[in-house]
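*Asks:*
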Amino acid sequence: MRRKLAAGNWKMNGTAAALSELVELARQVTPADAETLICPPAPLLYPACDKLRGTAIAIGAQDCHAQPAGAFTGDISAGMVADTGATYVILGHSERRDLHAETDADVAAKAGAAWGAGLTAIICIGESGEDRTADRTLDVIAGQLAGSLPDHATGENTVIAYEPIWAIGTGKTPTLDQIIEVHDFIRARLTGRFGQQTGDAIRLLYGGSVKPDNAAEIFTAENVDGALVGGASLKAADFAPIIKALSRA
Ligand code: PEP
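Counted the way our numbering counts, the sequence shown spans residues 76 to 324.
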């Protein structure tokens, strides 16, 4: 049985004042709910971990560098992320692939660094609207999966987030059948590469315009083990119903 995971990606949103949303979320989420994770901007990692100690909410970063230390102005290492008390790191989000030219090889190197620091890597993959229209979705997903995921992935150190780029922040979502098709495909690729036990243990999240009113339907898919949520994770009032829908699924 894979434990369900509701992960919130705050992107470049939130200052210290936003920590009150975390406290409110922690008030509503219990250990009986789906595993819940918030990935705030890097300056909030320490205070968020501090505020949430002893609650059911985990904290993660949105990126890390592949190297442990050095002359990389503006970057943070996986060890630094772990030092804050964070336990997860999002890697290869389409905004990083697109705006920071991150390649599959970069993402794989970062995943190795994350594992070395004891973090669980949430590795993002997903097709563009153009890929979808040209019927290249599964080819793109297969390529990203093969290139971004190092050997030695396990159910403990890795989560895959399928995020169609055209669905991120747009209010558009794939049909349930399209989500099922891609998630089943990813599962088959994982079991093919890592064996049945490991392939079955790695959790698969759907991401892209998940909201309180569409979450329950998305969570009916067998290989959707949770969600990576952007905009709707910023407010406890929006994220809590998504977590509750996942907990009931
Ligand atoms: C994301 O940024 O990973 C995301 C899925 O954003 P949104 O939920 O806002 O579409």
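C-beta: ideal position from N, C-alpha, C; glycine also. In this text, all values refer to a predicted model and were calculated from it rather than measured experimentally.
1. Can you tell me whether GLN137 is buried or exposed? The criterion is at least 16 other CB atoms within 10 Å of its CB, across all chains shown.
2. Are GLY201 and TYR237 closer than 9 Å when you measure CB to CB?
3. I'd like the list of long-range same chain contacts for ALA82, defined as Cβ closer than 6 Å, with 5 residues on each side in sequence excluded.
4. Just checking my contact of GLY413 with THR273 at CB under 8 Å: how many whole Å lie between their CB atoms?
5. To the nearest angstrom, how far is the alpha carbon of CYS139 from that of ILE255?
6. Where does ASP214 land, buried or exposed, given buried means 16+ other C-beta within 10 angstroms?
7. At the level of alpha carbons, what is the spacing between ARG268 and ALA184?
8. Is any non-hydrogen atom of the ligand PEP found closer than 8 Å to the C-beta of VAL164, if you look at the structure I gave you?
9. Should SER284 and ALA109 be called a contact, given that it needs their Cβ atoms to be closer than 9 Å?
10. Output the distance between the C-alpha atoms of ALA186 and PHE314, rounded to the nearest integer angstrom.
11. Report the residue from GLN142, VAL98 and GLN103 whose alpha carbon sits nearest the alpha carbon of CYS124.
12. Do GLY160 and LEU120 have their CB atoms nearer than 9 Å?
13. Hey, could you find the ends of the alpha helix (DSSP H) ILE151 is sitting in?
14. Compare the beta carbon distance of LYS86 and GLU177 with 9 Å and say whether it is the shorter of the two.
15. Using 8 Å for Cβ pairs, my map puts ILE277 next to ALA228. What's the rounded Cβ distance?
16. Tell me the rounded alpha-carbon separation between ALA188 and LEU194.
17. Can ILE318 be considered in contact with the ligand PEP, in the sense that its beta carbon sits closer than 8 Å to one or more heavy atoms?
18. If I follow the unbroken alpha helix (DSSP H) through GLY283, where does it start and stop?
19. Contact check, ILE235 vs LEU174 under 8 Å by CB: the rounded distance?
20. GLY135 to PRO143, Cα distance in whole Å?
21. Tell me which residue opens and which closes the beta strand (DSSP E) that GLU110 is part of.
*Replies:* Reading off the structure:
1. buried
2. yes
3. LEU112 and LEU303
4. Outside the displayed range of the chain (76 to 324) lies residue 413, so it cannot be described from this structure.
5. 30 Å
6. exposed
7. 19 Å
8. no
9. no
10. 27 Å
11. VAL98
12. yes
13. From DSSP, ILE151 is part of no alpha helix (DSSP H); its letter is neither H nor E.
14. no
15. 6 Å
16. 9 Å
17. no
18. Segment: none, GLY283 is in no alpha helix (DSSP H) and carries neither H nor E.
19. So it is not a contact: roughly 21 Å between Cβ atoms.
20. 17 Å
21. 110-114
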